[in-house]
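Position 5 of the sequence shown, counted from 1, bears residue number 77 in my numbering, the numbering being contiguous throughout. Taking it in order: structure first as structure tokens, then the write-up.
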Amino acid sequence: MLSIFILILNNSEASNNYENRAEKFSIRARKLNEIYYELEYLINFQLIDKEKFHKIKIHYDEIIKEFSEDTSKLDFQFFRTQNLRKFKKNNSWDKFFYKPYYAILYKLNLYLLSIIMLIIPIAITYLILK
73 MLSIFILILN
83 NSEASNNYEN
93 RAEKFSIRAR
103 KLNEIYYELE
113 YLINFQLIDK
123 EKFHKIKIHY
133 DEIIKEFSED
143 TSKLDFQFFR
153 TQNLRKFKKN
163 NSWDKFFYKP
173 YYAILYKLNL
183 YLLSIIMLII
193 PIAITYLILK
């Protein structure tokens, strides 16, 4: 029974197609990184105007639309907690509640299934042998 449970969980995890998703994330990250450095350069040397900013924004929107299936609110909130200084709403609420709350929520979302997959077989085995 335990081996069947493990096989089902293994097939469930294998069907998530992590390799392809990771490759998409990598491609998106490289494209967004290019935009970020271009925009940072233009801002630092005060070379930006409305037309250049609009072109960069359109390019950014195209990248986000291309990979829209992978975006989530939780990923944005976690990014925000790691970069509070870049957001204007940098107050004590963000520092003392917002950051820990979304950091914990993000990690639960990331690791909860794996933890459950480890604990349930051990608990079933314990209950059977008891």
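Backbone N, C-alpha and C define an ideal beta-carbon position, used for all residues, glycine too. Treat the numbers as computed from the prediction; the structure is a model and nothing was measured.
Starting from the C-beta of residue i, find all residues in its chain whose C-beta is less than 8 Å away, skip the five residues before and the five after it, and write them out in chain order.
| i | result |
| --- | --- |
| His131 | Ile107 |
Classify residue i as helix, strand or coil using the three-state DSSP reduction.
| i | result |
| --- | --- |
| Phe139 | coil |
| Leu119 | coil |
| Lys179 | helix |
| Lys202 | coil |
| Ser98 | helix |
| Asn82 | helix |
| Ser186 | helix |
| Ser75 | helix |
| Asn155 | coil |
| Asn89 | coil |
Quick one: does the C-beta of residue i sit closer than 7 Å to a heavy atom of the ligand NAP?
| i | result |
| --- | --- |
| Phe139 | Judged by which ligands are present, the structure shown has none, so any question about the ligand NAP falls away. |
Spatial neighbours of residue i within its chain, please: C-beta separation below 7 Å, excluding the five flanking residues on both sides.
| i | result |
| --- | --- |
| Phe139 | Lys96 and Arg100 |
| Ala94 | none |
Given a cut-off of 8 Å on the beta-carbon distance, is the pair residue i and residue j in contact?
| i | j | result |
| --- | --- | --- |
| Ile135 | Lys103 | yes |
| Pro193 | Ile78 | yes |
| Ile128 | Glu110 | yes |
| Leu114 | Lys124 | yes |
| Met189 | Leu81 | yes |
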